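See structure below.
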Amino acid sequence: MTEPLARAALTSDRWAARFDTRQLWLVDDALVAESDRGRRNVTSTLRNATFIDWTELPPTVSLTAGNGGILLSGDNGSWLLAVDDWWMEPVTVTSRELALRSSGLSVLLERFPRHDESSVGALVREANLVRPAGHRAARSTALMTAIVIGGGLAFLAVVYGPLVTTLMNGPDSDAVWVAIKTTVLLGLATAVFVALSGRVRRKRVEDHGIAPADGPSWFRRTACIGLRDELVVLRDGQGAEQLLSVDQAGSGDAALRRAEFVQGEYGAAAVLRDGTGTIRAQLPAWAWFPDEVRRSELWEWLTGRGILTSSTSTTEWAASRSLDPQRSRSISVESLANGRLGVQPIPLVAGAAFFCGMVASVPMTEEALPLRIIGWVLAIAVVVAVFATIIIESATRIPVARHVQDQAPTPGRFPTRGQRNIAIAVLAGGALFGWFLHRDNWLGAIDAALFAGAFVIGSWLMSRRRLAERGHRPLGFVRWLRTGAQRGDE
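Just add 298 to the spot in the sequence shown (first one is 1) and you have this note's numbering.
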């Protein structure tokens with residue numbers, strides 16, 4: 299017997315996220331995960347399911363209040379599902395019964411009740427986590443390990459490589475050194491390009507999709523309401539996707555049941571509710587149906603999916619569920635540090651790119667000059683790619699608030715924390731620049747200048763983004779420095 303269970307709270311349109319689980323199935327009493335790459339077994343035959351309060355979840359699952367998890371026990375081990383991973387994004391803390399029914403995970407507790415009342419604390423600590431990005435996490439760890447090892451080898455090659463070849467003092471010592479350097483450089487560059495390629499957006503065309511009628515060009519180009527494999531897909535302007543089942547798919551209370559076209563004190567919208575009455579998404583009228591033609595089109599589309607539609611007036615409003623340009627507004631910038639979209643965090647990738655420059659700048663024999671030139675080109679390409687990634691993620695798809703105020707942030711005492719950080723970055727970059735120049739290492743000097751510049755420019759661009767999100771007019775570079783180089787969210 300095969301039946302749908304739950305869907306990931308959030309999926310991504312990035313290339314690296316193609317391995318992420320988008321839906322869980324219950325197949326012959328075992329859990330099966332489905333991704334864009336197909337289906338794979340997650341558990342053996344299940345025997346028991348136990349609800350776990352969020353306070354008892356491991357820190358790797360939840361550091362803040364949540365809706366708990368479900369511990370599964372089977373023939374060959376135990377598995378742990380966090381309810382918030384398979385329900386809604388952002389997290390809404392509510393009653394245990396509502397969260398389980400709305401997510402669809404209540405089926406597990408009904409189907410596999412636990413009769414043993416003994417403590418499950420040890421099982422929770424030993425359980426395998428079942429997360430949307432769990433399958434990809436192993437690949438990410440392997441790539442990050444390769445970058446760290448490659449960076450360490452690059453450092454050893456730069457510092458001790460010439461000494462080793464000198465001690466060898468053989469006819470093949472130069473050839474050995476060239477081989478070591480070339481291997482390390484190619485390995486690092488490959489790891490960097492693989493990590494950055496995961497940020498490429500996949501173009502996905504949904505069946506019978508509806509695009510926004512108003513909003514920024516990037517929002518109208520990316521956001522969509524459509525169908526994929528009998529699931530309703532709600533994609534926001536940042537490429538983050540929410541998957542919802544419809545009643546025909548047999549998902550019970552987790553399925554979309556009603557669509558209410560409401561007129562509230564904050565304006566008009568279409569509110570989508572599941573079988574529990576929980577608001578799963580909200581479509582503002584100004585973005586999706588500003589006129590009667592678009593309203594009728596959306597009404598007919600929802601009705602065609604088996605969703606009951608009605609018009610009403612209500613005071614209930616779910617701003618956090620609104621599918622507008624503000625949805626997931628900071629997720630691209632945050633992915634630079636935490637890799638939340640399924641991509642690799644930038645710090646280690648940038649470090650690997652810097653080591654590429656160090657390795658490529660080490661002198662070689664005249665016979666190996668062509669290889670050295672190729673190394674220079676490769677190192678510069680890697681650094682430029684990292685620099686461009688930081689700029690693209692922090693300076694594009696900025697969701698400017700609808701009511702913009704010309705209000706600059708008020709600086710504190712000088713120098714502010716932001717100004718101190720900028721000064722440290724410039725001084726450190728300048729020191730490295732001078733040291734490399736003293737050693738006639740032009741490539742290393744360029745690397746140092748680029749990374750110092752990337753930090754300063756990136757900080758300014760992210761400040762502009764935060765100001766725009768909060769409804770303030772973004773500041774120019776000079777004015778930003780004069781007013782304290784602040785983050786923009788003070």
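Yeah, the Cβ is synthetic: ideal placement off N, Cα and C, and Gly gets one too. Since the model is a prediction, treat every value here as computed from it, not as a measurement.
Cutoff 7 Å; reference L789; Cβ partners in own chain excluding five residues on either side | One cannot answer for residue 789 here, as it falls past the ends of the chain, which runs 299 to 788.
Check S404 in the structure and name its three-state DSSP category. In the sequence shown, the residue the question calls residue 404 occupies position 106. Assignment of S404 by DSSP, reduced to helix, strand and coil, places it in the helix class.
Could you tell me which residues DSSP puts in a beta bridge with P302?
-> Locating residue 302 in the sequence shown gives position 4, counting from the first residue. BP columns for P302 point to W323.
Sorted by chain position, which residues of the same chain lie with C-beta nearer than 7 Å to S401's C-beta, five sequence neighbours on each side aside? What you label residue 401 is simply residue 103 of the sequence shown in a count that begins at 1. The beta carbon of S401 lies closer than 7 Å to those of A304, V381, W384, W385, A552 in the same chain, with the five residues before and after it left out.
(request) Consider the C-beta atom of F491 and the heavy atoms of the ligand FAD; say whether any pair is separated by less than 7 Å. (result) Only the bare structure without any ligand can be found here, which leaves the ligand FAD out of the picture.
task = Take E395 and list the residues in its own chain whose beta-carbon comes closer than 8 Å to its own, dropping the five residues that flank it on each side.
result = As a first step, residue 395 must be located in the sequence shown, where it is residue number 97. S404, listed in sequence order.
Check your understanding: E424 to S376, Cα distance in whole Å?
Key -> By 1-based counting over the sequence shown, the position of residue 424 is 126. By 1-based counting over the sequence shown, the position of residue 376 is 78. Looking at the two C-alpha atoms, the distance is approximately 8 Å.
Review point. Can you list, in chain order, the stretches of the alpha helix (DSSP H) that have 4 or more residues and sit fully within the stretch 338-426?
Key: Those alpha helix (DSSP H) runs which fall completely within the stretch 338-426 and span 4+ residues are 394-401, 404-409, 419-424.
Anyone know if the C-beta pair for V492 and L441 falls short of 8 Å? Here residue 492 refers to the residue found at position 194 when the sequence shown is read from its first residue. Here residue 441 refers to the residue found at position 143 when the sequence shown is read from its first residue. Judged by their CB atoms, V492 and L441 are nearer to each other than the 8 Å cut-off.
Q) Which one of G367, A444, E387 has the shortest CA to CA distance from L406? A) Taking the sequence shown and counting its residues from 1, the one referred to as residue 406 is at position 108. The shortest Cα separation from L406 among G367, A444, E387 belongs to G367.
- Message: Just to confirm, is the Cβ distance from S789 to W352 under 8 Å?
- Response: Here the chain has residues from 299 to 788 only, and residue 789 is not among them.
Handout entry: Own chain partners of G655 with C-beta closer than 7 Å, once the 5 adjacent residues on each side are dropped
Key = Position 357 of the sequence shown, counted from the first residue, corresponds to residue 655. The answer, listed in chain order, is A677, V681, L741, G742, D745.
- Taking the DSSP output, what are the residues bridged to V569? By one-based count along the sequence shown, residue 569 stands at place 271. For V569, the pairing in a beta bridge is given by DSSP as E558, Q580.
On the three-state DSSP scale, how would you describe Q536?
Position 238 of the sequence shown, counting from 1, holds the residue named residue 536. Coil at Q536, not helix or strand.
_Rounded separation between K501 and L773 - CA only_ = Mapped onto the sequence shown, residue 501 falls at position 203. Mapped onto the sequence shown, residue 773 falls at position 475. Distance between the alpha carbons of K501 and L773: 33 Å.
Q) Taking just the CA atoms, how far does D787 sit from G637? A) In the sequence shown, counting from the first residue as 1, residue 637 sits at position 339. In the sequence shown, counting from the first residue as 1, residue 787 sits at position 489. Each residue's Cα considered, the two are about 21 Å apart.
Would you kindly report the start and end of the unbroken beta strand (DSSP E) that includes E332?
-> One-based indexing of the sequence shown puts residue 332 at position 34. Annotation: the continuous beta strand (DSSP E) that includes E332 extends over 328-333.
For R768 and W313, I'd like the C-alpha separation in whole angstroms.
On the sequence shown, position 470 is the one that residue 768 refers to. On the sequence shown, position 15 is the one that residue 313 refers to. Spanning the two alpha carbons is a distance of roughly 30 Å.
CA-to-CA distance, G364 to F410, given in whole angstroms:
To locate residue 410, count along the sequence shown from 1; it is residue 112. To locate residue 364, count along the sequence shown from 1; it is residue 66. So the alpha carbons of these two residues sit roughly 23 Å apart.
Just to check my reading of the structure: N339 and A328 have Cβ atoms closer than 8 Å, yes? What is that Cβ distance to the nearest angstrom?
Counted from its first residue, the sequence shown places residue 339 at position 41. Counted from its first residue, the sequence shown places residue 328 at position 30. So it is a contact: roughly 6 Å between Cβ atoms.
In DSSP terms, what T309 is bridged to: Along the sequence shown, one-based indexing puts residue 309 at 11. T309 is bridged to E539.
Would you list the residues sitting across from R499 in a DSSP beta bridge? For this step, residue 499 is matched to residue 201 along the sequence shown. R312, per the DSSP bridge assignment.
Helix, strand or coil: which one does DSSP assign to T574? In the sequence shown, counting from the first residue as 1, residue 574 sits at position 276. Collapsing the DSSP output to three states places T574 in coil.
Inset, instruction - Let me know the secondary structure DSSP gives L621 once reduced to three states. - result: For the purposes of this step, residue 621 is identified with residue 323 of the sequence shown, where counting begins at 1. In the structure shown, L621 adopts coil according to DSSP, grouped into three states.
Notebook entry, point to check: When you compare only the Cα positions, how much space is there between S630 and W615?
Noted result: In the sequence shown, counting from the first residue as 1, residue 630 sits at position 332. In the sequence shown, counting from the first residue as 1, residue 615 sits at position 317. Looking at the two C-alpha atoms, the distance is approximately 26 Å.
Original post:
Are three or more beta carbon pairs between the stretch 619-635 and the stretch 532-540 nearer than 8 Å?
Top reply: Because the criterion of three Cβ pairs below 8 Å is met, the stretch 619-635 and the stretch 532-540 touch.
Extract the residue ranges of the beta strand (DSSP E) inside the stretch 630-704, only unbroken runs of 3 or more that lie entirely within it. Those beta strand (DSSP E) runs which fall completely within the stretch 630-704 and span 3+ residues do not exist here.
- Have a look at D334, A648, T300, D373 and flag the residue whose alpha-carbon is nearest the alpha-carbon of S310. Counting from one through the sequence shown, the residue named residue 310 turns up at place 12. When each option's Cα is compared against that of S310, the closest is D334.
Which partner residues does I508 have in the DSSP bridge list? Taking the sequence shown and counting its residues from 1, the one referred to as residue 508 is at position 210. The partner list for I508 (beta bridge, DSSP) reads I523.
How about P411: is its C-beta nearer than 8 Å to some C-beta of chain D? Chain labels in this structure do not include chain D; a single protein chain is all it has.
### Task
Quick one: grab the DSSP three-state call for L790.
Given that the chain is displayed from residue 299 to residue 788, the structure contains no residue 790 and the question cannot be resolved.
So if DSSP puts I531 in a beta bridge, which residue, or which two residues, is it bridged to? Looking up residue 531 in the sequence shown gives position 233. At residue 531 the sequence reads Val, which differs from the Ile that was named. According to DSSP, which records beta bridges pairwise, V531 is partnered with G524, L541.
Q.
Quick check: the Cα distance between L759 and A315, rounded to an integer number of angstroms?
A. In the sequence shown, counting from the first residue as 1, residue 759 sits at position 461. In the sequence shown, counting from the first residue as 1, residue 315 sits at position 17. Each residue's Cα considered, the two are about 26 Å apart.
- C-alpha distance - A679 paired with V330, whole-angstrom precision: Against the sequence shown, residue 679 aligns to sequence position 381. Against the sequence shown, residue 330 aligns to sequence position 32. Each residue's alpha carbon lies about 41 Å from the other.
- Query: Assuming V797 and L554 make a contact with CB atoms under 8 Å, what is their CB distance in whole Å?
  - Reply: Outside the displayed range of the chain (299 to 788) lies residue 797, so it cannot be described from this structure.
Assumed close pair E301, R320 - CB separation to whole angstroms, cut-off 8 Å:
If you number the sequence shown from 1, residue 301 lands on position 3. If you number the sequence shown from 1, residue 320 lands on position 22. Between R320 and E301 the Cβ distance is about 16 Å, and since that is not below 8 Å, they are no contact.
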